[in-house]
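So the protein sequences, as listed, match chains A and B.
To convert, count from 1 in the first sequence and add 19; that's the numbering used here.
To convert, count from 1 in the second sequence and add 19; that's the numbering used here.
Number of protein chains: 2
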Amino acid sequence: MEEMTKVVLDAMGGDNAPGEIVRGAVNAVNDRKELSVILVGQEPVVKEELAKYSYPEDRITVCHAEDVIETAEPPVLAIRRKKDSSIVVGLKLVKEGKADAFVSAGSTGALLAGGQLLVGRLQGVERPPLAPLIPTEKGAALLVDCGANVDARPSHLVQFAKMGSLYVEHVLGIQNPRVAIVNIGAEEEKGNQLVKETFPLLKEAEGINFIGSIEARDIPAGAADVVVCEAFVGNVILKLYEGVGSTILHLMKQGLLSTLRSKIGALLVKPALKETMKRFDASQYGGAPLLGCKGLVVKTHGSATAKEVYNTLLQCKTFKEQNVNQKILECFSVPEEEK
Amino acid sequence: MEEMTKVVLDAMGGDNAPGEIVRGAVNAVNDRKELSVILVGQEPVVKEELAKYSYPEDRITVCHAEDVIETAEPPVLAIRRKKDSSIVVGLKLVKEGKADAFVSAGSTGALLAGGQLLVGRLQGVERPPLAPLIPTEKGAALLVDCGANVDARPSHLVQFAKMGSLYVEHVLGIQNPRVAIVNIGAEEEKGNQLVKETFPLLKEAEGINFIGSIEARDIPAGAADVVVCEAFVGNVILKLYEGVGSTILHLMKQGLLSTLRSKIGALLVKPALKETMKRFDASQYGGAPLLGCKGLVVKTHGSATAKEVYNTLLQCKTFKEQNVNQKILECFSVPEEEK
C-alpha cells in the first residue's frame, strides 16, 4: 500500500486564491487516493469554495487562519508579527510533523524567511535554495538558486548542485542529471570570483555529474538538467525568461493581426501553435521547492491556476515517496571517521 | 560642411569576414560622403573582395595585417604576441590619431583587452564597459556593462550609468533617457551587496535620470533606456535574450509545420510575422561600444552581416559628430576647486 502524503496548502496566497487553489486541491485529491490536503486560510471563505465540489471529506480539511501576509510586506517582520497568517500557521503544521509539505502561491519573501525560521534546515545544509523548474526545448531544467540567498559562497553553490541533482533524479526521474554552473564563457578560467572559486569544487564533488560551465544562451536549449548559480543571477534568469517570452508572444500577436492575409492565416495556425507553445509553459511542472528544509516548502507562481496547484501537490507526493530529504541528509552527513 | 569620420574596420573578424564586412563598408561609404574606411587585414584577400564593387577609392583604403586573432585565444596574450594582427594594427591606428574609431566582429576578449591596453581610457574613466543595444518592445535599451568588467565596484556602475546616458542621448537621440539598475525586486532595500551600495550613489548622481530598480522581466518591455548592471549579470542578460528568443522561434516553426492546416496558415502569416519580428532584431542597431576609451572601439556580433556593419559605421559617425568623448571627459573632470 502506498504511504499517505499530507500537504498543507495556503488557500489565501496568490492572484487566484482561493478559487483556483481550492479547485486544484479537489482535483488532486479526487485523482490520488494516497493524498490528503489541509487548506489553511479564512474558514468561511474556503468552505464556501469547497462547497462547489464533491470530494472525499476525510482527505480535505480546513484549518482556520485569520490573517494573510501581503506580497509587499517586509518578509521577516511579517512572519514574526502575523502569527495567525496562513503562511505562519501552515509552516508550523509542517514543523510540528502534522504535515509533510507546505505549498503557497503567496509572498515569496515570507515563504523563504518562514521556511528557514519556522521549519528549519536539515542538518548539514548551510542555506536552502529556491529551485524552480524552467522550460527548455528538451523538457525542463532546475534552476538553483533563484532568489533565496544573494551573495552566496562557493560552498553554498556546491550544496545547491548536490541537492538539485538529487531532486531532479528522484522527483523528475532523470537519471544521472547533467549539472552545470552559469558562466560567461565555456572555458574554465572565465567567470567572476565566485564562479572561479566554485568551479574546481564542483569538479571534485562526488555524486554529481558536473559537465562544466553553461552560458545563459544554452539554458533554453536544454544543455543541462541542473543549472547552478547564485540567487541574484538566478532571479535575473527566471524573470528574463518570462519577460523575453511574453514580449515575443506579444509582438507575434501584433504581427498575426496586422494584415487581412495574416489574420486568416492566424486562424489556421492557432491550434498547432498553442499546442507547441504549451511545451514552454512553466506551470505544467508545478512549484519551486525550497530545498534542504525539514519537511518540504514549495512556492508556486503568484498567478498559479488549479493546474499548477494540482501538479505541485503530486510533486509533493513524489518528494515524500522518494525520501528525498533522507537522501539530502545522507549526502551531507559527516562520515564517522571525520567526526 | 560635415566633418569627415575615419573608421578602421577589421576585415578579418567574425563569421562572415571578409565578404559581409567589406560589403557593409562599401555600402556605407557610398551612402555617406563624410565617411572614410580603412579596411585592416590580409591585403590580397581584402582587395579581392573590394574588386567586386564600385566605390570612391579615396575613401576606402586597405591596411595590411598578416595575422588574425582567433576567438579561442587568451585575449591579453594574443594582443601582446600578435603585433601584426588586424585587431592590434587597427587599434594602434586609433591610438596614433590616424582614425576616429575601430570596429571589429572578432574576438570580444581581445578587443576589450586591446581597447584598454592599446587605445587607453579617457581621463577620469575607471573601467570602460561594453554596452550593446538590446531590442525592446519600444525600440532598444543600452545594456552597460555586458562583459568587460566582472566583479565591478559601485563607483564603476555609477560611471557606466553616466556614460550610457550620454551615449543614448547623443547617439540614439533619446532625450533625458531613463536609467535603471538591474535588481531582483523593485524596492530600494532589495538586492545584493553591490546593488545596495550602488543604489544611493545613483540616486544622488547628477546629470542622469535615474528611475530606480528594474527587474529583468521588465527589460524586454522597454521600461528603461539605460540598463545598468555588472558584467556577469549583463552577459547573462544578453545571452539569455538570444537563447530564449531562438528557442521560442524554433518551437514556433515546429508548431507551424506540425499539421497541414497550420502549414497553409504559415504561408499566409509569414510576411507579417517576419516584418514584426524584425523589430526584435539586434543587428539593426549596430555594434556595442566600449565606452570611455580614447577614440571609439566597437564590437559587432560575431555573426555580423553587411547590414550590421553598415549601421555600426553610421553609429561611429554620429558618435564623432556629437562629440560624445568630449562630453564624457567633461562629465568626469575634477572641478578646479577640488584639485
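Built from N, CA and C at the ideal position, the CB exists for glycine as well.
> Is it the case that the Cβ atoms of VAL56 of chain A and ILE79 of chain A are separated by a distance below 7 Å?
Replying inline: yes
> In three-state DSSP terms, what is ASN344 of chain B?
Replying inline: helix
>> Please report the distance separating the alpha-carbon of LYS336 of chain A from that of LEU54 of chain A.
In response: 7 Å
> Whose C-alpha, out of A:TYR260, A:GLU249, A:LEU221 and A:ALA250, is nearest the C-alpha of ARG236 of chain A?
Replying inline: A:TYR260
>> Please identify, using Cβ separations under 9 Å, the residues of the segment 211-227 of chain B that lie next to chain A, in order along the chain.
In response: ASN211, GLN212, LEU213 and VAL214
> Do we get a CB-CB distance below 7 Å when we pair THR295 of chain B with the residues of chain A?
Replying inline: Answer yes: the Cβ-Cβ gap between THR295 of chain B and chain A drops below 7 Å somewhere.
> Does DSSP put THR24 of chain B in a helix, a strand or coil?
Replying inline: THR24 of chain B carries a strand assignment under DSSP once its states are collapsed to helix, strand and coil.
>> Can you tell me whether ILE79 of chain A is helix, strand or coil according to DSSP?
In response: strand
> Who does CYS312 of chain A pair with in a DSSP beta bridge?
Replying inline: A:ARG140
> Would you call the segment 312-319 of chain B and the segment 280-298 of chain B touching, i.e. three or more CB-CB distances under 8 Å?
Replying inline: By the Cβ criterion, the segment 312-319 of chain B is not in contact with the segment 280-298 of chain B, since fewer than three pairs of Cβ atoms, one from each stretch, lie closer than 8 Å.
>> Here's a check: name, in chain order, each residue in its chain whose Cβ is nearer than 7 Å to the Cβ of LEU257 of chain A, leaving out the five neighbours to either side.
In response: PRO151, ILE153, LEU162 and CYS165
> With burial defined as no fewer than 16 other Cβ atoms inside 10 Å of the residue's Cβ, what is the status of GLY38 of chain B: buried or exposed?
Replying inline: Answer is exposed; the Cβ neighbour count stays below 16.
> How many whole angstroms separate the CB atoms of ILE283 of chain B and LEU275 of chain A, which I take to be in contact at a CB cut-off of 8 Å?
Replying inline: The Cβ separation is near 15 Å, so there is no contact.
>> Would GLY43 of chain A and ALA307 of chain A qualify as a contact pair, given that the criterion is a beta-carbon distance under 7 Å?
In response: no
>> Looking at the strands, I want to know which residues DSSP matches up with GLY125 of chain A.
In response: DSSP output for GLY125 of chain A lists no bridge partner at all.
> How many angstroms separate the CA atom of GLY139 of chain A from the CA atom of PRO75 of chain A?
Replying inline: 32 Å
> Taking DSSP as the reference, what is the three-state secondary structure of VAL190 of chain B?
Replying inline: coil
>> I want to know whether the segment 178-194 of chain A touches the segment 262-272 of chain A - three or more CB-CB distances under 8 Å.
In response: no
> Which runs of the beta strand (DSSP E), 3 residues or longer, sit entirely within the segment 55-119 of chain A?
Replying inline: Runs of beta strand (DSSP E) with 3 or more residues, each lying fully within the segment 55-119 of chain A, are found at 79-83, listed in chain order.
> Assuming ASN254 of chain A and ILE230 of chain B make a contact with CB atoms under 8 Å, what is their CB distance in whole Å?
Replying inline: In fact, because the Cβ distance is near 20 Å, the residues do not count as touching under 8 Å.
> Who are the near neighbours of SER352 of chain A in its chain, counting only those whose CB is closer than 8 Å to its CB and skipping five residues on each side?
Replying inline: GLN142 and GLY143
> Buried or exposed: ARG197 of chain B, going by 16 or more other Cβ atoms within 10 Å of its Cβ?
Replying inline: buried
> If we ignore side chains and look at the alpha-carbon of each, how far apart do GLY128 of chain A and ASN211 of chain B end up?
Replying inline: 15 Å
> Does the Cβ of LYS101 of chain A have 16 or more other Cβ atoms within 10 Å, making it buried, or fewer, making it exposed?
Replying inline: buried
>> Using a Cβ-Cβ distance cut-off of 7 Å, determine whether THR337 of chain A contacts chain B.
In response: No, its Cβ sits nowhere closer than 7 Å to a Cβ of chain B.
>> Quick check on this structure: which residue in B:ALA224, B:ALA132 and B:ILE106 has the alpha carbon closest to the alpha carbon of PHE121 of chain B?
In response: B:ILE106
> Is it buried or exposed for SER281 of chain B, if we count other Cβ within 10 angstroms and need 16 for buried?
Replying inline: buried
> According to the Cβ coordinates, are LEU270 of chain A and THR155 of chain B closer than 7 Å?
Replying inline: no
>> Run through chain B and tell me which residues come within less than 8 Å of TYR260 of chain A, C-beta to C-beta.
In response: LEU259 and VAL263
> With contact counted as at least three CB pairs below 8 Å, one residue from each stretch, are the segment 327-346 of chain A and the segment 78-95 of chain B in contact?
Replying inline: no
> SER277 of chain B touches chain A at which residues, Cβ-Cβ below 8 Å?
Replying inline: ALA291, GLU294 and THR295
>> Rounding to the nearest angstrom, what Cα-Cα distance links LYS114 of chain B and THR24 of chain B in this structure?
In response: 15 Å
>> Between SER19 of chain A and chain B, is the shortest Cβ-Cβ distance under 7 Å, so that the two count as touching?
In response: This structure leaves residue 19 of chain A out entirely; chain A is present only between 20 and 358.
> chain A partners of PRO94 of chain B, CB-CB under 9 Å?
Replying inline: Within 9 Å Cβ-Cβ: nothing; PRO94 of chain B doesn't reach chain A, min ~11 Å.
>> For the pair the segment 216-226 of chain B and the segment 169-176 of chain B, tell me if three or more CB-CB distances fall below 8 Å.
In response: Note that the segment 216-226 of chain B touches the segment 169-176 of chain B; at least 3 beta-carbon pairs, one per stretch, sit closer than 8 Å.
> If you drop the 5 nearest sequence neighbours on each side, which residues of the same chain put their C-beta closer than 7 Å to that of PHE251 of chain B?
Replying inline: Here PHE251 of chain B has VAL169 as same chain residues with Cβ atoms under 7 Å from its own Cβ, once five neighbours each way along the sequence are excluded.
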